[in-house]
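Report on the following structure.
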Ligand SMILES: [Zn+2]
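Numbering (the UniProt record's numbering), first residue to last: 1 to 404.
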């Protein structure tokens, strides 16, 4: 076992006699008195095999050489730089609901070389967690990957591009300046948005399917939904996306800048396309955070929300509990039950506790069925060690620090 060798190596390095090695058992405990100058370690961190980094989603995945044995190690502690530049330390526990937690862990960071990690040993009755030495990513060859590689067998929908009478030549030109000039360019633009959304919500085509959307009618036309830039729906031909010609008109007449429109349309389409591919649980789970929150979580994870909107979303979320609060007719006494950015940006923040959190939310919606709620999903994914209220408070504190 690695642990034993490590301690022996330390003792040898300290110039001590080899017979001490007999005092070290396979659990890494040292029996008897330690020689002077030797400090006790519980063992080394499990050995990692590889590290890969997805720059779009800011996901660093570290894969172990051999799977973690939960009898020995109950999880890891990770320190990393967050997307806002602060340092954060979290504990990620192995979890039988997700067997991949024995094979690898995923950290959200904009600086992979900032990441250090150590093992939390599984010691019954220990007052404090016993941990291993720290290891860091610079010990590993970092491989840069793109989401495309996980979806190489993806088949894109057959598109129909439609313009209604409100889409004048001027509006069509403004839209083309944002999403591409030719029909082919525009279809590629939509396909890239779909790929982005899928890569944040699923692991690969294995769980997303090779053709999750068969057809998509993309309409540029009059917005018949108050205040919307775009929406998705369906008609007799199948799913459709409608983009507001009135919004694009603002770009044509200069009241919205090209730069803002490029960002906004990408973000809005990430939200809308999420509705095309997200897990829709049974009626009982069909609640505002699971649907509209999730779509904004994916938008946020894909870099489709400005820092200002994200921060305001957290700071203006309202009281943690309000008996009479509703979203439409749905009671939402807990703040994380609310739709859109209120629950969505929180879910995106929960990726700091597990970089695969949003993918696992999809699994939780499928597995918990009508019992699904975000607080249950948090425990299902992160483990019983966590409760949603503590995490929510930490989320708000993090955002306040970011604003200061
Ligand atoms: Zn929506």
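Quick reminder that beta carbons are idealized off the backbone N, C-alpha and C, glycines included.
In the structure shown, the three-state DSSP call for residue 202 is coil. The Cβ atoms of residue 229 and residue 262 lie no closer than 7 Å to each other. The set of residues whose C-beta lies within less than 6 Å of a heavy atom of ligand 1 reads, in chain order, 271, 275, 292, 295.
Within the same chain, Cβ atoms closer than 6 Å to the Cβ of residue 265 are found at 178, the five residues on either side in sequence being excluded. Taking 7 Å as the cut-off, the beta carbon of residue 148 is found no closer than this to the beta carbon of residue 210. Between the segment 138–147 and the segment 216–223 there are fewer than three inter-stretch CB-CB distances shorter than 8 Å, so the stretches are not counted as touching. Between residue 80 and residue 131, the gap from beta carbon to beta carbon reaches 7 Å or more. Contact between residue 200 and residue 57 holds: CB atoms are separated by about 6 Å, below the 8 Å threshold.
Straight-line measurement puts the Cα of residue 341 at about 19 Å from the Cα of residue 280. Here the alpha carbons of residue 396 and residue 104 stand approximately 28 Å from one another.
Residue ranges of uninterrupted beta strand (DSSP E) with 3 or more members, entirely inside the segment 91–166 and ordered along the chain, are 104–108, 116–121, 142–145, 158–163.
Just so you know, the alpha carbons of residue 384 and residue 94 end up roughly 11 Å apart. In the three-state reduction of the DSSP assignment, residue 390 falls in the helix class, which pools H, G and I. Each residue's CA atom was taken as its position, placing residue 74 and residue 121 some 6 Å apart. In this structure, the alpha-carbon of residue 138 lies about 53 Å from that of residue 167. Inside the segment 254–337, DSSP marks no whole beta strand (DSSP E) run of 3 or more residues. For the set 89, 99, 85, the Cα lying nearest the Cα of residue 110 is the one of 85. The shortest C-alpha to C-alpha distance from residue 193 to any of 142, 260, 183, 270 is the one to 270.
A Cβ-Cβ contact shorter than 7 Å links residue 313 with residue 345. Taking 7 Å as the cut-off, the beta carbon of residue 170 is found no closer than this to the beta carbon of residue 311. For residue 223, no alpha helix (DSSP H) run applies, since DSSP gives it neither H nor E.
The bridge partners DSSP lists for residue 60 are 53, 107. Classified as exposed, residue 315 has fewer than 16 neighbouring CB atoms from the shown chains inside 10 Å of its CB. Residue environment: residue 49 is assigned as exposed (fewer than 16 neighbouring CB atoms within 10 Å of its CB, all protein chains considered). Residue pairing by DSSP places residue 216 opposite 159 in a beta bridge. Boundaries of the alpha helix (DSSP H) harbouring residue 363: 357–368, taken from the DSSP string.
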